[in-house]
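Participant:
There are 2 protein chains.
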Amino acid sequence: MIGIEQRVAIFEGQLKQAGLRMTQQRRLILRILAEAHDHPDAKGIFTRAFAHDPTLSLSTVYRTMKLLESQGAIERHAFEDGVSRYEHADQQHHDHLIDVETGQVVEFSSPEIEALQAKIAAELGYEIVRHRLELYGRKLSKAGRKRVKKDV
Amino acid sequence: MIGIEQRVAIFEGQLKQAGLRMTQQRRLILRILAEAHDHPDAKGIFTRAFAHDPTLSLSTVYRTMKLLESQGAIERHAFEDGVSRYEHADQQHHDHLIDVETGQVVEFSSPEIEALQAKIAAELGYEIVRHRLELYGRKLSKAGRKRVKKDV
DNA sequence: GGCTTAATGCAAATCACTTGCAATTGTTTT
DNA sequence: AAAACAATTGCAAGTGATTTGCATTAAGCC
Ligand SMILES: [Mn+2]
Ligand SMILES: [Mn+2]
Ligand SMILES: [Zn+2]
Ligand SMILES: [Zn+2]
Chain A
1 MIGIEQRVAI FEGQLKQAGL RMTQQRRLIL RILAEAHDHP DAKGIFTRAF
51 AHDPTLSLST VYRTMKLLES QGAIERHAFE DGVSRYEHAD QQHHDHLIDV
101 ETGQVVEFSS PEIEALQAKI AAELGYEIVR HRLELYGRKL SKAGRKRVKK
151 DV
Chain B
1 MIGIEQRVAI FEGQLKQAGL RMTQQRRLIL RILAEAHDHP DAKGIFTRAF
51 AHDPTLSLST VYRTMKLLES QGAIERHAFE DGVSRYEHAD QQHHDHLIDV
101 ETGQVVEFSS PEIEALQAKI AAELGYEIVR HRLELYGRKL SKAGRKRVKK
151 DV
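Residue numbers (my numbering), protein chains in the order written: chain A, 1 to 152; chain B, 1 to 152.
If you want it as C-alpha cells, here you go:
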C-alpha cells in the first residue's frame with residue numbers, strides 16, 4: 001500500500017512511456033480511486049470526482065477506467081448485476097464475498113482454493129489465465145456461528 | 001437426465017399450479033433447451049427455435065428464459081462478455097472453465113472446492129447462498145502437460 | 001363455440017458503455 | 001513565451017443486450 005502521490009508519479013511515467021498525457025481528469029480520478037476503500041462503479045467514481053471538478057464528464061471516467069485497467073493500475077470486477085466495479089491494483093490477489101442482504105463486499109484470499117483451481121485446470125489440460133470467484137452469502141446468526149464452529 | 005417429454009410435463013404442472021399457461025412457444029423453447037448440450041444465449045436459442053416456428057419473437061425467448069429460471073428449470077450464467085447463457089438445470093452442480101482461445105466451455109465439479117468455499121464463508125461469518133466460479137484458461141501443450149504431471 | 005385473461009409480437013424504452021467529432025489542453029518545438 | 005501538434009475531453013449520438021407498454025392472439029374453462 002504505497003502513497004497516492006507515488007502512485008500518480010508511477011502512472012505518469014507509464015503514460016509518458018506510451019506517449020500519453022497526464023491530465024487533470026486522470027490525476028483526479030486516480031486520487032479518487034486511491035482514496036476509495038470500496039468497489040465503486042463508473043457512476044460512483046464520477047459522482048465523487050464531479051464534486052471536485054464539475055466540468056468532468058462520465059465518458060472521461062469510462063475512458064480513464066479502460067486506460068487504467070490496460071495499464072494494470074486497477075482491477076475491474078463485474079458482480080451479479082453486471083455493472084463494472086473497480087478497485088486499485090496495489091493489493092495482493094483476493095476474491096470477494098457479497099452479502100446478498102446488504103450488498104456489502106467482503107474480501108478474502110485462500111491459497112488453498114487458488115491451488116485447487118490450478119490443479120483442476122491442469123487435470124483438464126489447461127493452465128489458468130485468470131479466474132473469477134464470487135461467493136454470495138448471508139450473515140450467520142450468533143447461533144449459526146456457534147453451530148459452524150462446533151462442526152469444525 | 002430425464003426425458004424431454006417428462007420435463008415438459010413437469011413444467012406444465014408447475015405452470016398450472018401458478019395459474020400460468022403452457023404455450024406452443026414455451027414448449028418449443030423447452031425442447032430446444034433440452035436438446036442443447038452447450039450454453040446458448042438468448043439469440044442462439046431464438047435462432048434454433050425460429051427454425052421450427054418463424055413467428056416466434058426474441059422477446060418471448062427472453063420472457064420465457066426468465067420464467068424458466070424463476071421456476072428453477074434452467075440456470076443462467078453470465079461469463080466474461082456479460083451476455084446471459086443458459087443450460088437446463090437437471091444436472092448436478094458444476095462450475096465452468098472457459099478456453100480463452102476458443103471460447104469453449106468445459107464443465108467440472110470439485111467437492112473439495114465447494115467445501116473450501118463453505119469453510120471460508122463460515123470463517124467470515126457467512127453461509128453461502130450461491131456462488132460463481134469461472135476459470136479462464138489456455139490449453140496446455142503436450143510438453144506443458146508433461147511438465148505439470150512431473151510437478152505433481 | 002364463447003368467455004376470461006395470460007401470453008405474444010412488435011416497437012419503443014432502458015441501461016451501461018462506447019464512439020465521432022469539434023473544441024481544448026498537455027507537451028514539445030521554435 | 002508563443003506557436004505547433006497531437007492527445008484528450010465534453011457532448012451528443014450510437015450500441016447491444018435486455019425489458020416493457022400495448023393492442024392482438026390464443027390457452028384453459030364453461
Ligand atoms: Mn476487492
Ligand atoms: Mn454448465
Ligand atoms: Zn482467486
Ligand atoms: Zn461450484
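Where a beta carbon is used, it is the ideal one built from N, C-alpha and C, also for glycine.
Is the separation between the beta-carbon of A/I29 and that of A/T64 shorter than 7 Å?
Facilitator: yes
Participant: From B/L140 to A/Y126, what distance separates their C-alpha atoms?
Facilitator: Roughly 5 Å between the two C-alpha positions.
Participant: Classify B/E87 as buried or exposed, calling it buried when 16 or more other Cβ atoms lie within 10 Å of its own Cβ.
Facilitator: buried
Participant: Quick one: is A/E134 near chain B, going by C-beta distance under 7 Å?
Facilitator: yes
Participant: Take the Cβ of B/G13 as the centre, count every other Cβ of all protein chains shown within 10 Å, and call the residue buried at 16 or more, exposed below.
Facilitator: exposed
Participant: In chain A, which residues lie less than 8 Å from B/L140 when you measure between Cβ atoms?
Facilitator: A122, G125, Y126, E127
Participant: Buried or exposed: which applies to B/R85, given that a residue is buried once 16 or more other Cβ atoms fall within 10 Å of its Cβ?
Facilitator: buried
Participant: Comparing the C-beta of A/Q91 with each C-beta of chain B, is any distance below 7 Å?
Facilitator: no
Participant: Using a beta-carbon distance below 7 Å, is A/E112 in contact with chain B?
Facilitator: Closer than 7 Å: yes.
Participant: From the beta carbon of B/K150, is the nearest beta carbon of chain A less than 7 Å away?
Facilitator: Any answer about B/K150 is weak, because its pLDDT of 48 lies below 50 and its placement is not dependable; what the coordinates show is given next. Closer than 7 Å: no.
Participant: Looking only at DSSP bridge pairs, what is A/I74 linked to?
Facilitator: A/H88
Participant: What do you reckon, are the CB atoms on B/Q35 and B/H96 nearer than 7 Å?
Facilitator: Just to set this straight, residue 35 of chain B is Glu in the shown sequence, not Gln. In this structure, B/E35 keeps its C-beta atom at 7 Å or more from the C-beta atom of B/H96.
Participant: Relative to ligand 2, what is the chain-ordered list of residues with a Cβ closer than 6 Å to any of its non-hydrogen atoms?
Facilitator: Answer in sequence order: B/H39, B/E87, B/H94, B/H96, B/E107.
Participant: With the cut-off set at 7 Å, would you say A/V83 and A/D41 are in Cβ contact?
Facilitator: yes
Participant: Using a cut-off of 9 Å between C-beta atoms, extract the partners of A/V100 located in chain B.
Facilitator: V129, R130
Participant: Run the proximity test for A/L153: is its beta-carbon closer than 6 Å to any non-hydrogen atom belonging to ligand 4?
Facilitator: Any property of residue 153 of chain A remains undetermined from this structure, which presents chain A solely from 1 to 152.
Participant: Taking C-alpha atoms, which residue in B/L67, B/G137, B/S109, B/K43 lies nearest to B/E101?
Facilitator: B/G137
Participant: Under 7 Å Cβ to Cβ from A/I2, same chain only, skipping five residues before and after it: list those, please.
Facilitator: Cβ within range, chain order: D90.
Participant: Kindly list, in the order they appear in chain B, the residues whose Cβ is closer than 7 Å to that of A/F108.
Facilitator: Going along chain B in sequence order, the residues near A/F108 (Cβ under 7 Å) are I120, L124.
Participant: Among all the DSSP beta bridges, which residues are the ones paired with B/V106?
Facilitator: B/L97
Participant: Per DSSP, B/Y62 forms a beta bridge with which residues?
Facilitator: For B/Y62, no pairing in a beta bridge is given by DSSP.
Participant: Whole angstroms is fine: what's the gap from B/A118's alpha carbon to B/L124's?
Facilitator: 10 Å
Participant: Answer yes or no: does any C-beta atom of chain A fall closer than 7 Å to that of B/L116?
Facilitator: yes
Participant: Name, going along the chain, the residues of the region 58 to 89 of chain B whose beta-carbon falls closer than 8 Å to a beta-carbon of chain A.
Facilitator: A78, E80, G82
Participant: Out of A/S110, A/Q24, A/L116, which one is the CA nearest neighbour of B/P111?
Facilitator: Closest by alpha carbon: A/L116.
Participant: State the Cα-Cα distance for the pair A/D151 and B/A122, rounded to the nearest angstrom.
Facilitator: A caution first: A/D151 carries a pLDDT of 46, below 50, which makes its placement in the model too unreliable to give a value.
Participant: Am I right that B/L15 and B/I74 are in contact with their C-beta atoms under 8 Å? What's the rounded C-beta distance?
Facilitator: So it is not a contact: roughly 14 Å between Cβ atoms.
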